[in-house]
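*Asks:* So the mapping is simple: the numbering used here equals the position in the sequence shown, first residue as 1, plus 2. Here a beta-carbon is modelled for each residue, glycine too, at the ideal position from N, C-alpha and C.
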Amino acid sequence: MQVAQPHLASTASATSSTFRGIWLPLVTPLRRDGADTTVDHAALRRLVAHYRHSGIAGLVICGTTGEAAALDDGEQLAVFDTVLREAGPLPVIAGLAGNHLGHTLARLDAFNGLPLAGVLSPAPYYIRPSQAGLLDWFRALADRSRAPLVLYDIPYRTGATLTLDTLLTLAGHDNIQGIKDCGGNAHTTQALIADGRLSVLAGEDHQLLSTLAMGGHGAIIASAHCRPAHFAALYRAVRAQQLDVARVLFHALMPVVRLLFAEANPAPLKAWLAREGWLEDVLRAPMTSASPALAQQLVDAVAAIDAAFGAQTTTPANAA
């Protein structure tokens, strides 16, 4: 196989891209309805209204943190409708995962009628296709989508690794403009940043500073639910070459980041948001709530950040 070479001559595509800054992969609030659970759209509206003014660059909905795998197609479209109505000018990316191409394209057709900034899509899970199969898959999605495609490289969830050669080839598609990088390969991250055609967004929260310092364009990170203004300040500090400021913020935020992933995401995050009054601590099976001990550790860790830097947050509104 001929290896695609990095396109070093120009970084105009990524430089001008919408996909910069701190993007928030929003949780999906649920509430108990007898023995079942339903999406809590009132809580969802409150969350969107809150984060709309928090300094984030945009929202990602129905991704991993949004428990998309536990929502049916109708529920996901209803979530999109609520978020898009409340988000105002804040750009919104929709998650799109699947392993049946026809069904995935049909869902994408429904997305095409929505005012989305982008579509975030991982490799088809479980199947573990060849690199040629992955190229065909993502090209089919990019050709069909009205919104730009953001690749989601997360092999530990999908079972499929996107090689650097495959990613550089996909970067040549006009409608593929970014990547959420959870691949765990620093060489690949650096090479994509140097190539310049894709907006490289850190997807692993603990790699936020290293990705930004290498020239990455931002992040899609669940931990930004907790005091998002500080994550936005970290991004701005790196952009301004104030790495000493960025390091202070990063190391202060890391205890919260570690706790948020000490148990399966988004359970710790929902436990913290519930204690803050934003939603009920409800997840869909097979997910279970975070342990009470971890939830209290999170409360204490966020309180320590507040003591050092200030909360920079608001109180949830009581009205739906």
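Grab me the residues of alanine 303's own chain with a C-beta within less than 6 Å of its C-beta, minus the 5 sequence neighbours each way, in chain order.
*Replies:* Result list for alanine 303: Pro257, Val258, Leu261, in chain order.
*Asks:* Since glutamine 179 and leucine 151 are thought to touch, with beta carbons under 8 Å apart, how far apart are those beta carbons, to the nearest angstrom?
*Replies:* With a Cβ gap of about 7 Å, glutamine 179 and leucine 151 count as contacting.
*Asks:* With distances taken from CA atoms, which of Asp38, Ile24, Leu143 is nearest leucine 73?
*Replies:* Minimum Cα distance to leucine 73 is reached at Asp38.
*Asks:* Could you tell me which residues DSSP pairs with isoleucine 178 in its beta bridges?
*Replies:* According to DSSP, which records beta bridges pairwise, isoleucine 178 is partnered with Leu151.
*Asks:* If you follow the alpha helix (DSSP H) that valine 50 is part of, which residue opens it and which one closes it?
*Replies:* Element bounds for valine 50: 43-53.
*Asks:* Do leucine 92 and arginine 33 come within 8 Å of each other at the CB atom, strictly closer than that value?
*Replies:* Going by C-beta atoms, arginine 33 is not nearer than 8 Å to leucine 92.
*Asks:* What are the start and end residues of the alpha helix (DSSP H) that includes arginine 159?
*Replies:* 157-160 is the extent of the alpha helix (DSSP H) around arginine 159.
*Asks:* Under the rule that 16 or more other beta-carbon atoms within 10 Å means buried, what is glutamine 243, buried or exposed?
*Replies:* Exposed.
*Asks:* Rank Asp183, Ala287, Gly60 by C-alpha distance to the C-alpha of leucine 210 and give the top, closest one.
*Replies:* Ranking the options by Cα distance to leucine 210, first place goes to Asp183.
*Asks:* Which runs of the beta strand (DSSP E) at least 3 residues long sit entirely within the region 208-288? Give them in chain order.
*Replies:* With a minimum length of 3 residues, the continuous beta strand (DSSP E) runs that stay inside the region 208-288 are 220-222.
*Asks:* Between the Cα of valine 41 and the Cα atoms of Phe82, Ala295, Thr290, which residue gives the shortest distance?
*Replies:* Of Phe82, Ala295, Thr290, the residue nearest in Cα terms is Phe82.
*Asks:* Hey, quick one: how far does the alpha helix (DSSP H) through arginine 130 stretch, first residue to last?
*Replies:* Taken as a continuous stretch (DSSP letters only), arginine 130 belongs to no alpha helix (DSSP H), as it is neither H nor E.
*Asks:* Answer with buried or exposed for serine 201, where buried requires no fewer than 16 other C-beta atoms within 10 angstroms of its C-beta.
*Replies:* Result: buried.
*Asks:* How is threonine 171 classed by DSSP in three states: helix, strand or coil?
*Replies:* Helix at threonine 171.
*Asks:* When you compare only the Cα positions, how much space is there between glycine 198 and methionine 216?
*Replies:* Approximately 12 Å between the Cα atoms of the pair.
*Asks:* Taking the alpha-carbon of valine 301 as reference, which of Gly23, Gly312, Phe21, Arg277 has the nearest alpha-carbon?
*Replies:* When each option's Cα is compared against that of valine 301, the closest is Arg277.
*Asks:* Closer than 6 Å by C-beta to asparagine 114: which residues in its own chain qualify, once you throw out the five before and the five after it? Chain order, please.
*Replies:* Cβ within range, chain order: Arg148.
*Asks:* Am I right that alanine 59 and glycine 205 are in contact with their C-beta atoms under 8 Å? What's the rounded C-beta distance?
*Replies:* Not really, about 15 Å apart at Cβ, beyond 8 Å.
*Asks:* Consult DSSP for isoleucine 58 and reduce its assignment to one of helix, strand or coil.
*Replies:* Isoleucine 58: coil per DSSP, three-state reduction.
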